[in-house]
Amino acid sequence: MNTQGQQGSLISTSALAKKLDLPARVVFELLVEKGWIERIGKHWKLTGKGQFEGADYVNSKKYGEFIGWPESVMEHAIFAELFDRPQRTRIIGRDLNISAHRFNALLAELGWQQRHHRGWILTSAGREQGGQESEDEESGVPYTLWPRTILDDAELAVVLDVLQRPLQALGRTVEASTGKAAQTADSPDSATVSKVGADAKDSGKEQPATGPQTLQLDFGSQQQAEPGEAAALVTMDGHLSDHPEDAVLDNWFYLMGVLHAYHRSLPEASLGCCDFYLPAAHLHIECWHGADTGAALKAKMARLAYYKSKALPFFELSANDLLQLDSVLPKTLLKHGITVF
295 MNTQGQQGSL ISTSALAKKL DLPARVVFEL LVEKGWIERI GKHWKLTGKG
345 QFEGADYVNS KKYGEFIGWP ESVMEHAIFA ELFDRPQRTR IIGRDLNISA
395 HRFNALLAEL GWQQRHHRGW ILTSAGREQG GQESEDEESG VPYTLWPRTI
445 LDDAELAVVL DVLQRPLQAL GRTVEASTGK AAQTADSPDS ATVSKVGADA
495 KDSGKEQPAT GPQTLQLDFG SQQQAEPGEA AALVTMDGHL SDHPEDAVLD
545 NWFYLMGVLH AYHRSLPEAS LGCCDFYLPA AHLHIECWHG ADTGAALKAK
595 MARLAYYKSK ALPFFELSAN DLLQLDSVLP KTLLKHGITV F
């Protein structure tokens with residue numbers, strides 16, 4: 295018997311299920327099936343097999359006595375059996391480094407599932423792919439389950455490539471710029487501009503920023519990339535972009551069903567085009583591009599000044615914001631009357 299706190303490495307069966315991203319009921323049933331635990335009356339009892347795998351009883355002042363498991367047990371072969379079964383989209387998406395929201399939207403874009411109230415149901419095409427339907431035990435909200443064989447589907451592979459290519463390029467850009475900023479932080483010839491995310495510069499109102507990203511601007515030394523040096527990225531809706539930042543945002547808008555215009559002209563011709571425009575909210579969006587020249591940066595600053603002078607709704611997105619759009623954008627768009635989740 296161990297008292298809670300004497301060994302922090304043992305977690306309850308419910309906590310184990312949460313870490314495996316599986317329903318607790320499924321994990322309990324598996325442990326009973328494999329003979330690791332058994333039900334006696336109203337209590338769960340540990341068997342010799344379970345003890346052999348490192349489990350023990352934990353005595354908690356708050357929860358009483360329960361069976362605790364070492365986290366290393368998640369690597370056991372019995373759990374691999376579970377993952378050979380159809381999985382929820384958040385599990386498959388997690389392995390692809392894609393959020394459940396985005397992966398669900400991607401499967402809908404392929405025509406394999408469709409919205410149903412607050413959840414998702416299969417289409418005939420989804421059933422042909424081996425998809426299954428289930429529902430939340432408490433809310434009854436439907437969701438879909440998928441075999442990992444869908445990852446071998448050629449159509450899905452093409453869409454994933456279009457979705458992930460700009461994200462990978464943006465990740466490399468952020469990594470490179472972070473290293474460069476560290477090397478040039480003490481340079482007296484660079485102008486430093488501190489940018490914040492969507493919530494910190496929304497509708498032209500400055501707000502305090504926590505841990506701002508620093509962009510080193512040297513207007514005399516920045517050079518435009520040579521033609522052909524980097525191929526334009528094709529987004530899911532067919533737009534062409536020279537900037538991975540724009541491609542990432544364009545793909546997100548497309549998957550989430552947000553009506554958007556790319557490179558929409560502004561009333562004053564000298565200002566050029568805003569990066570994105572959302573007609574439903576008359577909202578202008580500017581992305582900070584790591585590869586912009588000094589001239590492009592000056593033009594962007596002129597557009598930002600224009601939005602402020604005309605009291606036009608707008609916000610800016612940094613590279614770090616673009617790498618976490620699922621947490622940054624929904625709440626920002628909601629402030630402007632656009633709901634995505």
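Each residue of the sequence shown is one higher than the one before, counting from 295 in this note's numbering.
Ideal Cβ positions, reconstructed from N, Cα and C, are used throughout, including at glycine.
Which residues does DSSP list as the beta-bridge partners of Ser-306? Reading the sequence shown from its first residue, position 12 is the one you call residue 306. Per DSSP, Gly-362.
The beta strand (DSSP E) spanning Ile-579 covers which residue range? Here residue 579 refers to the residue found at position 285 of the sequence shown. Taken as a continuous stretch (DSSP letters only), the beta strand (DSSP E) holding Ile-579 covers 577-581.
Can you grab the Cα-Cα spacing for the pair Thr-587 / Met-595, in whole Å? Your numbering for residue 587 matches position 293 in the sequence shown. Your numbering for residue 595 matches position 301 in the sequence shown. Going by C-alpha positions, Thr-587 is about 12 Å away from Met-595.
Segment contact flag, the region 337-350 with the region 358-365, C-beta cutoff 8 Å, min 3 pairs: yes
Which residue from Ala-590, Pro-573, Ala-585, Leu-457 puts its Cα closest to that of Asp-544? Here residue 544 corresponds to residue number 250 of the sequence shown, with the count starting at 1. Nearest C-alpha to Asp-544: Leu-457.
Taking the alpha helix (DSSP H) that Glu-562 falls in, what are its first and last residues? Indexing the sequence shown from 1 puts residue 562 at position 268. Premise fails: Glu-562 is in no alpha helix (DSSP H) and is neither H nor E.
Can you give me the C-alpha to C-alpha distance between Arg-645 and Leu-549, rounded to a whole angstrom? Nothing can be reported for residue 645: it is not among the residues displayed for the chain, which extend from 295 to 635.
Helix, strand or coil for Thr-438 per DSSP? The sequence position of residue 438 within the sequence shown is 144, counting from 1. Strand, per DSSP.
Residue of Tyr-601, His-576, His-554 minimising C-alpha distance to Gly-566: Here residue 566 corresponds to residue number 272 of the sequence shown, with the count starting at 1. Looking at the Cα atoms, Tyr-601 is the closest of the given residues.
Going straight from the alpha carbon of Glu-347 to that of Ile-372, what length do you get? As a first step, residue 347 must be located in the sequence shown, where it is residue number 53. As a first step, residue 372 must be located in the sequence shown, where it is residue number 78. The straight-line gap from Cα to Cα measures roughly 12 Å.
Give me the Cβ distance between Leu-572 and Val-552, rounded to the nearest whole Å; I'm assuming they're in contact under 8 Å. Here residue 572 corresponds to residue number 278 of the sequence shown, with the count starting at 1. Here residue 552 corresponds to residue number 258 of the sequence shown, with the count starting at 1. Between Val-552 and Leu-572 the Cβ distance is about 7 Å, and since that is below 8 Å, they are a contact.
Cutoff 6 Å; reference Glu-369; Cβ partners in own chain excluding five residues on either side: As a working note, residue 369 is residue 75 in the sequence shown. There are no such residues.
Tell me the DSSP bridge mates of Gly-329? Numbered from 1 along the sequence shown, position 35 holds the residue referred to as residue 329. Gly-329 is not bridged by DSSP to any residue.
If we count the other Cβ atoms within 10 Å of its Cβ and call it buried at 16 or more, is Asn-398 buried or exposed? To locate residue 398, count along the sequence shown from 1; it is residue 104. Counting Cβ neighbours within 10 Å, Asn-398 comes out buried, since at least 16 surround it.
Taking a contact to mean a Cβ-Cβ separation below 7 Å, would you say Arg-384 touches Ala-374 in this structure? Position 90 of the sequence shown holds residue 384. Position 80 of the sequence shown holds residue 374. Not in contact: Arg-384 and Ala-374 (Cβ atoms no closer than 7 Å).
Distance between beta carbons of Asp-620 and Arg-396, contact taken as under 8 Å: Numbered from 1 along the sequence shown, position 102 holds the residue referred to as residue 396. Numbered from 1 along the sequence shown, position 326 holds the residue referred to as residue 620. With a Cβ gap of about 6 Å, Arg-396 and Asp-620 count as contacting.
CA-to-CA distance, Lys-343 to Leu-461, given in whole angstroms: Sequence index remark: in the sequence shown, residue 461 carries index 167 (1-based). Sequence index remark: in the sequence shown, residue 343 carries index 49 (1-based). Straight-line Cα distance between these residues: approximately 45 Å.
C-alpha gap between Phe-609 and His-578, whole angstroms: Position 315 of the sequence shown, counting from 1, holds the residue named residue 609. Position 284 of the sequence shown, counting from 1, holds the residue named residue 578. Distance between the alpha carbons of Phe-609 and His-578: 7 Å.
With a 10 Å radius around its C-beta and 16 neighbouring C-beta atoms as the bar for buried, classify Ser-535 as buried or exposed. If you number the sequence shown from 1, residue 535 lands on position 241. Counting Cβ neighbours within 10 Å, Ser-535 comes out buried, since at least 16 surround it.
Is it right to say Val-435 is buried, meaning 16 or more other beta carbons lie within 10 angstroms of its own, or is it exposed? One-based indexing of the sequence shown puts residue 435 at position 141. Exposed is the call here.
Any idea what DSSP makes of Gln-518, helix, strand or coil? Mapped onto the sequence shown, residue 518 falls at position 224. Model confidence at Gln-518 stands at a pLDDT of 40, short of 50, so the residue's coordinates are unreliable; what they give is reported in the following sentence. Correct three-state label for Gln-518: coil.
Measure the C-alpha to C-alpha separation of Val-468 and Lys-592 and round it to an integer number of angstroms. Against the sequence shown, residue 468 aligns to sequence position 174. Against the sequence shown, residue 592 aligns to sequence position 298. For Val-468 and Lys-592, the distance between alpha carbons rounds to 21 Å.
Please list the segments of the beta strand (DSSP E) lying wholly inside the region 407-456, counting only runs of 3 or more residues, in order along the chain. Listed in chain order, they are 407-410, 413-416, 426-429, 436-440.
In the structure shown, what three-state DSSP assignment does Arg-379 receive? As a first step, residue 379 must be located in the sequence shown, where it is residue number 85. If DSSP states are grouped into helix, strand and coil, Arg-379 belongs with coil.
Cα-Cα separation, Leu-314 to Glu-580: In the sequence shown, the residue the question calls residue 314 occupies position 20. In the sequence shown, the residue the question calls residue 580 occupies position 286. Going from the Cα of Leu-314 to the Cα of Glu-580 covers about 39 Å.
Taking the beta carbon of Ser-303 as the centre, do at least 16 other beta carbons fall within 10 Å, making it buried, or is it exposed? Locating residue 303 in the sequence shown gives position 9, where the first residue counts as 1. Taking all protein chains in view, the Cβ of Ser-303 is surrounded by fewer than 16 other Cβ atoms within 10 Å, so the residue is classified as exposed.
For Phe-609, three-class secondary structure by DSSP: Counting from 1 along the sequence shown, the entry for residue 609 is found at position 315. Phe-609 falls in the strand class under three-state DSSP.
Could you pull the start and end residues of the beta strand (DSSP E) that Asn-353 belongs to? In the sequence shown, residue 353 corresponds to position 59, counting from 1. Note, Asn-353: beta strand (DSSP E), 350-354.
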